[in-house]
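Protein chains in written order, with the numbering used here: chain R, 615 to 1001; chain A, 38 to 341. Beta carbons: idealized from backbone N, C-alpha and C, even for Gly. A quick write-up on the structure given underneath.
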C-alpha cells in the first residue's frame, strides 16, 4: 500500500553523543526492505539508541536516516511511518485491546480501522480477547498485542526493542518462531534489537553485531558464525578457541602456521596479505576427540585425512549435557580449549586422560593478533548464565 | 474435627484447622473507637439538634421540628448556591494552575523535584488564617497588584465579568475565589503530582510512535491516565472550599457570604443552634450527593 515511499532503511554516518559519551559512533547501515534484521550486542553497545533514533524518539547528533528516497532525520516520531514494539510493551492500560490496536489507525483516520485491527489480532491469535484490558493479560499475550498494534499500521519499518526479554525461555522460543512466521507473512522490514545471540541467529536474515557504539560485522548468521572478522564477534556469537599463531609459509592454497611449536594448517584465503601474527580461531564443536597418532599408526581414525590439524592435551573438565559432552582440554603450554563432542555414542573421554584433538583446516579462521582475545567473552558468559 | 468424614473431592484435601485470628480486629479497634466518639456521636447529636426547638436560655427539647429545614433552606438557599459556584470555580482554577505544575514537577523537573515539592508544601508552615490575611495585603487598594491590574485593565475585565463592583480587588467575588484557589492549590497539586509521577513515560513515547501528535497524546493518554489524580485533587479542593468560611469573611463583602460563614454565625452569634445544625446537615448531604454523582461520572473504578 505504500510502495511509493517504502524502501530500504539507510543510516548514513549516524552518531549520537550524550555530553562526552558517544553512544553510537559513525554508523553506516543499509537494511533492505522486507528483511528481518537484527542489531546484536551487549547492553550499552548503542543498539537501543540506534533503534530510538530510527523511531524518532531520539535525535542523532550527526548523520542522516533515510527510508527509501526520503530523509526522515528531522521528522518527529508521530510523522514517521515507523512503529515500535517496546521492551515494556507500553500498552495503554486504560484502553481495551481493540482500542490499543486501533490507536494508530484512528490517528491516521483509516476508515475500516476496526476490521483491520481484528485482522491483526487474528494474526497473533488474540481476536477472542479484543474487549479485555491489558492488565488482564499475561506477559506473552501483551507481547502479541504490542506486535499487533504495530503491525496493523503496515509501517515501512517495524522496530522491536528486546521484545522477548521479559518472557520465560519456553515462551520466548515459541515467540521467536511466531515472529519469524509473521514477518514472512506480512513482509514488513523488521529491525530487531537483542543482546541474545541465539535469538538473533534463530530469527534474523541479517545480523549487525555492535560493540561500544560501533558496527563490528554485518552478515547472515552462518557467515558471522563461521567467519567472524573480530575477536569480539568470535566470542560474542557462540564460543571460540583462539590460539596465538604465526605464519611459517604459504604454499598453494594452504598456509602453515606455528602454534607454540606445533604446525597447523589454514586455507590461505582466510589470511590477509602479509599477515605474520594472528589469532587462529576454531569453534568448540569443530574439534573432535580423535585417536592419538601412536608410533605404529594403527589406530588412525577413518576421517584422519580430513582432520589434519592435531593438538594433544589433558582433559581437565568434562560435563555431560545430554546432547553433547563439553570438555576443557589443557594443552602443553597451559591454554585450555573448549571442546563440544556430540553424543553420538562414542565412549566419552575421562577426566585427567590424555586426548588428541583434531579439526579440518577449513574450520579455522584468522583474526587480528592485536585484538583482545577475550573481547565479548564476558558479556557472553553473563547472557548465557541468564538464559 | 478429627474423624469427621467429608465426602466428594474435598475429602482428598487435608482438613484445615481454622484458628480464629483476632489481631486484625484488635488493630481496627482504636480507629473504630475514635470514629464512634468523634464522628458518629457528634453526628447524632447534630441531627438531634437540628430537630429540636427552644433557645439557649430556656434549653432545647427534641420536638422533631422538620420545619426548621424548610425555613433554613428558604432563607439561605442563595448562600448554598453561591458556595457551590465559588467552590466549583476555585476548583477549576486550581486544576488549571496545578496540572501543568504537577506535570512539570513529576516528569521534567529532575533534580529540582524535591525543592519544588517543599515549595508547594511550604505554605502549610503558616496558618490558613494568616495566609488569608496576607491576601488582604496583597490585594489592598494601594498595593502593586491593584496598580498592575488597573494598568492592564484587568480590573475592567473583572468588573465586566461582575466579579468585582469597582476598580479595586478586595472585598469582591474575585478576591474570595482567588483566596479559595490559593488556599486549596496544594491539595490539587499533591494528588496530581503523585499520579503523574507514576505515569510510564514509554506510554507517551508509544502514543507518539503510533502517530499521535503531542496534543492528541495528552488527551488520549496522559489525561485519561491522570483522572484518578484529577478526581482526588478536585474532591480535596471542592469539599473544603464549599464549606469554607474564612475566605468569604476576610476577602469578601456582604454579597459574597458563603454557607460556611452563615453556619458559623448562626452557631456562634445568632445562637440559633437548630438552624445551624440543619444547614450543616444539608451542606453535608449536598456535597455527598454531588461527589457521588461526580465519582460515578468520572468512573475512577475502571481505571487501573
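Residue i CB to nearest chain R CB: under 8 angstroms?
i              : result
residue 126(A) : no
residue 242(A) : yes
residue 250(A) : yes
residue 267(A) : no
residue 281(A) : no
residue 383(A) : Absent from the structure is residue 383(A), since the part of chain A shown begins at 38 and ends at 341.
residue 289(A) : no
residue 233(A) : no
residue 247(A) : yes
residue 229(A) : no
residue 173(A) : no
residue 199(A) : no
residue 272(A) : no
residue 258(A) : yes
Only counting the same chain, and skipping five residues up and downstream in sequence, which positions put a Cβ closer than 6 angstroms to that of residue i?
i              : result
residue 882(R) : 864, 867 and 869
residue 763(R) : 714 and 715
residue 346(A) : What is shown of chain A runs 38 to 341, which leaves residue 346(A) out entirely.
residue 767(R) : 697 and 718
residue 106(A) : 315
residue 318(A) : 87
residue 234(A) : 143
residue 785(R) : 754
Is residue i close to chain A, meaning its C-beta is less than 8 angstroms from at least one C-beta of that chain?
i              : result
residue 635(R) : no
residue 806(R) : no
residue 627(R) : no
residue 702(R) : yes
residue 630(R) : no
residue 961(R) : no
residue 758(R) : no
residue 918(R) : Low confidence applies here, because residue 918(R) scores a pLDDT of 47, under 50, leaving its location unreliable; read the following figure in that light. Residue 918(R) does not count as touching chain A.
residue 924(R) : no
residue 717(R) : yes
residue 722(R) : yes
State the CB to CB distance for the pair residue i and residue j, rounded to an integer number of angstroms; the pair is presumed to be in contact (CB under 8 angstroms).
i              : j              : result
residue 809(R) : residue 990(R) : Their Cβ separation, rounded to whole angstroms, is 11 angstroms, which puts residue 809(R) and residue 990(R) out of contact at 8 angstroms.
residue 626(R) : residue 680(R) : 7 angstroms
residue 979(R) : residue 842(R) : 6 angstroms
residue 123(A) : residue 283(A) : No, residue 123(A) and residue 283(A) are not in contact; Cβ-Cβ is about 13 angstroms, not under 8 angstroms.
residue 775(R) : residue 689(R) : Not quite, the Cβ-Cβ distance comes to about 20 angstroms (not below 8 angstroms), so this is no contact.
Going by DSSP, what residue range makes up the beta strand (DSSP E) through residue i?
i              : result
residue 973(R) : 968–973
residue 692(R) : It is not in any beta strand (DSSP E) - residue 692(R) carries neither H nor E in the DSSP assignment.
residue 806(R) : 803–808
residue 979(R) : 979–982
residue 631(R) : 623–632
residue 796(R) : Per DSSP, residue 796(R) belongs to no beta strand (DSSP E); it is in the alpha helix (DSSP H), 783–800.
residue 846(R) : From DSSP, residue 846(R) is part of no beta strand (DSSP E) but of the alpha helix (DSSP H) over 845–850.
Over what stretch of residues does the alpha helix (DSSP H) that includes residue i continue unbroken?
i              : result
residue 220(A) : 210–234
residue 733(R) : 727–737
residue 120(A) : 104–140
residue 68(A)  : 60–72
residue 777(R) : That residue, residue 777(R), is in no alpha helix (DSSP H); it is neither H nor E in DSSP.
residue 172(A) : 165–175
residue 302(A) : 296–302
Leaving aside the five residues before and after residue i along the sequence, list all residues of the same chain whose C-beta is less than 8 angstroms from its C-beta, in chain order.
i              : result
residue 342(A) : Residue 342(A) falls outside the range modelled here, since chain A spans only 38 to 341, and no answer is possible.
residue 823(R) : 654, 655, 829, 830, 831, 832, 838, 846, 847, 850 and 851
residue 270(A) : 131, 132, 135, 224, 225, 226, 227, 228 and 229
residue 121(A) : 279, 323 and 327
residue 200(A) : 209, 210, 211 and 214
Counting only Cβ pairs nearer than 7 angstroms, list the residues of chain C close to residue i.
i              : result
residue 712(R) : Note that chain C does not occur in the displayed structure, where the protein chains are R and A.
The ligand FAD heavy atoms versus the CB of residue i: any closer than 7 angstroms?
i              : result
residue 226(A) : Questions concerning the ligand FAD fall outside what the structure shown contains, since it holds no ligand whatsoever.
Which same chain residues end up closer than 7 angstroms to residue i when comparing Cβ atoms and leaving out the 5 residues on each side of it in sequence?
i              : result
residue 588(R) : The structure shown does not extend to residue 588(R), since chain R is modelled only from 615 to 1001, so the question has no answer here.
residue 691(R) : 669, 670 and 671
residue 731(R) : 712, 715, 716, 719 and 766
residue 335(A) : 264 and 268
residue 724(R) : 730
Query raised in the report: Along the stretch 128–140 of chain A, what residues have a CB closer than 9 angstroms to any CB found in chain R?
Result: none
Requested in this report: Could you run through the stretch 87–120 of chain A and flag, in chain order, every residue whose CB is less than 8 angstroms away from some CB of chain R?
Outcome: none
Report task. Scan the stretch 685–709 of chain R for residues whose Cβ lies nearer than 9 angstroms to a Cβ of chain A and list them as they occur along the chain. Result -> 690, 691, 692, 693, 694, 695, 696, 697, 698, 700, 701, 702, 703, 704, 705, 706, 707, 708 and 709
Query - Residues from the stretch 763–776 of chain R in contact with chain A, defined by Cβ distance under 9 angstroms - result: 763, 764, 767 and 773
Query - Cβ-based contacts, 9 angstroms cut-off: residues of the stretch 318–332 of chain A near chain R - result: none
Query raised in the report: Mind listing which residues of the stretch 652–684 of chain R have their C-beta closer than 9 angstroms to chain A's C-betas, in chain order?
Result: 666, 669, 670 and 671
Query raised in the report: Given a limit of 7 angstroms on CB to CB distance, which residues of the stretch 58–73 of chain A reach chain R?
Result: none
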